[in-house]
Amino acid sequence: MTEDISFRRKPLTPEQRQARDASRRIEAEKAMRDHEAAQKALYANRERLRAERLAREQAAGKETASSKG
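Position one of the sequence shown corresponds to residue 349 (the numbering used here), numbered consecutively onward.
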């Protein structure tokens, strides 16, 4: 009773295949650039926060040393 309905794609012409591949390549390059930019922003923010934390810890260390003396 069940019909075997298969939807087959039309075969691509060589020009269509080249256009598809070029489009995929462009999208992949854009995705990599976006990813690299996000990574750079993440690392820059992490380094900024680390520097702030170290400065706070150093200031807190000086305060405790001066209050003991």
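Glycine is no exception: its CB is placed at the ideal position from the N, C-alpha and C atoms.
**Request:** State the CB to CB distance for the pair residue 360 and residue 372, rounded to an integer number of angstroms; the pair is presumed to be in contact (CB under 8 Å).
**Result:** The Cβ separation is near 13 Å, so there is no contact.
**Prompt:** If you run the structure through DSSP and keep just helix, strand and coil, what is residue 354?
**Reply:** coil
**Message:** I need the DSSP call for residue 361, collapsed to helix, strand or coil.
**Reply:** DSSP places residue 361 in coil when its eight states are reduced to three.
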